[in-house]
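Asker: Quick one: this structure, given as C-alpha cells, is what I'll be asking you about.
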Amino acid sequence: MPRDPDLLDKVINLAKRRGFVFPSAEIYGGFRSTYDYGPLGVNMLRNVRQAWWRSMVLERDDVVGLEAAILGPPAVWAASGHLETFTDPLVDCKRCKERWRADKIDGVCPNCGSTEFTEPRAFNLMFKTEAGPVEGEGATTYLRPETAQGMFTNFLNVLTSTRRRPPFGIAQVGKSFRNEITPQNFVFRTREFELMELEYFVAPGDAERWHRYWIEERFAWYVDLGIPDDQLRRHEHAPEDLSHYSRGTTDIEFLYPWGWDELEGVANRGDYDLVKHSTASGVRLEYFDTASGERYTPYTIEPAVGSTRAMMAFLLAAYHEDVIEGETRVVLRLDPRLAPFQVAVLPLSKKPELEGVAREVANQLRREFVCDYDVTQSIGRRYRRQDEVGTPLCVTVDFDSLEDHAVTVRDRDTTAQVRVSIDALVGELAGRLRVS
438 MPRDPDLLDK VINLAKRRGF VFPSAEIYGG FRSTYDYGPL GVNMLRNVRQ
488 AWWRSMVLER DDVVGLEAAI LGPPAVWAAS GHLETFTDPL VDCKRCKERW
538 RADKIDGVCP NCGSTEFTEP RAFNLMFKTE AGPVEGEGAT TYLRPETAQG
588 MFTNFLNVLT STRRRPPFGI AQVGKSFRNE ITPQNFVFRT REFELMELEY
638 FVAPGDAERW HRYWIEERFA WYVDLGIPDD QLRRHEHAPE DLSHYSRGTT
688 DIEFLYPWGW DELEGVANRG DYDLVKHSTA SGVRLEYFDT ASGERYTPYT
738 IEPAVGSTRA MMAFLLAAYH EDVIEGETRV VLRLDPRLAP FQVAVLPLSK
788 KPELEGVARE VANQLRREFV CDYDVTQSIG RRYRRQDEVG TPLCVTVDFD
838 SLEDHAVTVR DRDTTAQVRV SIDALVGELA GRLRVS
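Note that our numbering has the sequence shown beginning at 438, numbered continuously upward.
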C-alpha cells in the first residue's frame, strides 16, 4: 500500500525551509528538474557518498576507485550501444500537446485526462554538445548518461596498474546527465544527477553467484543505515524489460509516497561492454589467468544508485511526527552517519560567561564530530529545530556548567537527558553516535 500521500510534500517543504534542497535558479522562476543542495543538503549528501564509499571500497580489499571524465567521444557511446538504444518511448497528447514517456502514464494524459496520443517514437536521452572552437560532426561530444563506460574503457589500465585479478571491482561516484522526457517527484528523477556505481568483474561461471551476492549486500546497506526492511523489496526484471546490455537485473525498490519504485538497480551486464569496446577499439579487454592458462572476457555485475535518490529515500524513511508535552514534533530519525550535524552545542542563554564555555566545548567537539552551534531563541525551540533536521544529540551548556564543569546531553529520539562531565564528553558522544 502507498504511504502517507502528504509525506512527499512535507519532506519537500522541510528540505527547502531548512536548507537541504532548493529549486535551482529560483529567483528566475527555476529550471525544471534541477536542484541546488543547501548547507544541510551538502552535508547529508556528502555523508551518503562517504557511507557508500566506505562500504564499497574502503572496507574491502577487492575494489578500487576511479574518477573518469564527464565528456566522452561518440566512439565510446556508439560502442556501448547508447547512441542507438538509449531511448525512451515519447508520445504527444493530442488534446493538450504535452509530451510524456509512454510507459509511465498508463494510457491517460496526467495533464488533461485524454487518452488520445501520437504513436510512440524513440527519444534518445543523451545530451549532445560541441567540443572545441569548430562546430560540426567532428567536434560532437556527449555528456555521460552513466559513469560505467569510463570504468570499462579503463579496465586494462586498472588491471595492470593495481595487479588485480577477478573477482575485483572498480567504483566511481560522479555526475551523469539524461534528457528525461518527464522528470518528476522532486529529486527522484532529474536530468542532472550523481551516480554511485560499481563494476565488479568476475569469471563468467561465477556471475550468477556474484549477482545474488551484490543484491543482498546492497539491500543490507540500506537497512543498516536506517530504512526499515518492510519499506524495501527486491524486484526482478522480466526478460522483455531488460536493458540492452543486461542478462538479468534486480531492482531494490523503496516504498515511496506514490508506491513502490526503483531505488537501486543491480545488473548482470555479462561481457557485453568489454566485448563491444574490444571490437570497436581493437584493444583486447580480457584477463589472462597465469595459473590456469585461461584467457577470458570477464562478466560484470553492476550495483548502481543515484546518491541524490538515496538521500531522498533516507529522508522519507526518517521523517516522523510525534507529540511531546502536548505539541506535535517533526523529527528526522536519521542514522548519525547520515545526519547533516551529529551534535549541536546550545548555550542556555547569550550571557558571555555561558557563550565562552559553549564555544570552548564546540571547538573541542569539532575535532571529532560535525557540529552546529545555535544560540538564538528559547532552548525548547532550538531542540525542535535540531530534531527537525535530524541532529542525534544536543549538548546544552547551562549556568551549572560554570560550577560542575558538566553539560546536559539530550537524545533526539527519546528526548532523554543526562549530565556528562566536559572531560568525558567526547568519549560519551562517540559511544552513542557510532561514527568514524
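C-beta atoms are modelled at their ideal positions from N, C-alpha and C, and glycine is treated no differently.
1) Taking all protein chains shown into account, decide if residue 450 is buried (16 or more other Cβ within 10 angstroms of its Cβ) or exposed.
2) Tell me residue 759's beta-bridge partners as DSSP assigns them.
3) Would the C-beta of residue 468 count as close to the ligand FAD, meaning under 7 Å from any of its heavy atoms?
4) Is it a yes or a no for the segment 637–647 touching the segment 724–739, going by three-plus beta-carbon pairs under 8 Å?
5) Please go through the same chain and pick out, in chain order, the residues whose beta-carbon is closer than 8 Å to the beta-carbon of residue 527, but skip the five residues on each side of it.
6) For the beta strand (DSSP E) holding residue 561, just list the boundary residues, first then last.
7) With which residues is residue 627 paired in a DSSP beta bridge?
8) Residues in the same chain with beta-carbon distance under 8 Å from residue 593, minus the five sequence neighbours each way, listed in chain order, please.
9) What are the boundary residues of the beta strand (DSSP E) that residue 672 is part of?
10) Output the distance between the C-alpha atoms of residue 814 and residue 820, rounded to the nearest integer angstrom.
11) Where are the beta strand (DSSP E) runs, 3 residues long or more, that stay fully inside the segment 498–579, in chain order?
12) Output the residue ranges of the alpha helix (DSSP H) runs that lie fully inside the segment 727–810 and measure 4 residues or longer, sorted by chain position.
13) Identify which residue in 463, 516, 441 has its Cα closest to the Cα of residue 713.
14) Should residue 615 go down as buried or exposed, given a rule of 16 or more other Cβ atoms within 10 Å for buried?
15) Does DSSP classify residue 814 as helix, strand or coil?
16) For the beta strand (DSSP E) containing residue 656, list its first residue and its last residue.
17) Excluding five sequence neighbours on each side, which residues of the same chain lie with their C-beta closer than 8 Å to the C-beta of residue 511?
18) Taking the beta carbon of residue 508 as the centre, do at least 16 other beta carbons fall within 10 Å, making it buried, or is it exposed?
19) Which residue's Cα is closest to the Cα of residue 479: 590, 505, 631?
20) Can you grab the Cα-Cα spacing for the pair residue 836 / residue 491, in whole Å?
21) Is it right to say residue 530 is buried, meaning 16 or more other beta carbons lie within 10 angstroms of its own, or is it exposed?
22) Ignore the nearest five residues each way along the sequence and tell me which others in residue 525's own chain have a CB closer than 7 Å to its CB.
23) Alpha carbon to alpha carbon, what distance is there between residue 745 and residue 461?
24) In angstroms with no decimal places, state the Cα-to-Cα distance between residue 775 and residue 453.
25) Could you tell me whether the segment 753–766 touches the segment 658–670, using the rule of 3 or more Cβ pairs below 8 Å?
26) Run through DSSP, which three-state label would residue 720 get?
27) What would DSSP say about residue 616, mapped onto helix, strand or coil?
Answerer: So, to answer that:
1) So residue 450 counts as exposed.
2) For residue 759, the pairing in a beta bridge is given by DSSP as 766.
3) With respect to small molecules bound, the structure shown includes none, and the ligand FAD cannot be examined in it.
4) These segments touch.
5) 536, 537, 538, 539, 557, 558, 559, 560, 618, listed in sequence order.
6) Per DSSP, residue 561 belongs to the beta strand (DSSP E) from 558–561.
7) Partner(s): none; residue 627 has no beta bridge.
8) In its chain, beyond the 5 residues on either side, 720, 722 have a beta carbon closer than 8 Å to the beta carbon of residue 593.
9) Where residue 672 is concerned, the enclosing beta strand (DSSP E) stretches over 669–673.
10) Between residue 814 and residue 820, the C-alpha separation is close to 10 Å.
11) Runs of the beta strand (DSSP E) inside the segment 498–579: 500–502, 524–529, 536–538, 558–561, 564–567.
12) Entirely contained in the segment 727–810, the alpha helix (DSSP H) runs reaching 4 residues are, in chain order, 744–755, 789–803.
13) The shortest Cα separation from residue 713 among 463, 516, 441 belongs to 516.
14) Residue burial annotation: residue 615 is buried, with at least 16 other C-beta atoms found within 10 angstroms of its C-beta.
15) Note: residue 814 maps to coil in three-state DSSP.
16) No beta strand (DSSP E) contains residue 656, which is instead part of the alpha helix (DSSP H) from 644–661.
17) Its chain contains 520, 577, 578, 579 as the residues whose beta carbon lies nearer than 8 Å to that of residue 511, once the 5 sequence neighbours on both sides are disregarded; these appear in chain order.
18) Its Cβ having fewer than 16 others within 10 Å, residue 508 is exposed.
19) Nearest of 590, 505, 631 to residue 479, Cα basis: 631.
20) So the two alpha carbons sit approximately 41 Å from each other.
21) Here residue 530 is buried, its C-beta having at least 16 other C-beta atoms within 10 Å.
22) Residues of the same chain with a CB within less than 7 Å of the CB of residue 525, apart from the 5 flanking positions on each side, are 538, 560, 562, 618 in chain order.
23) When rounded, the distance between both Cα atoms is 15 Å.
24) Whole-angstrom Cα-Cα distance: 18 Å.
25) By the Cβ criterion, the segment 753–766 is in contact with the segment 658–670, since at least three pairs of Cβ atoms, one from each stretch, lie closer than 8 Å.
26) Secondary structure at residue 720: coil, using DSSP grouped into helix, strand and coil.
27) Coil at residue 616, not helix or strand.
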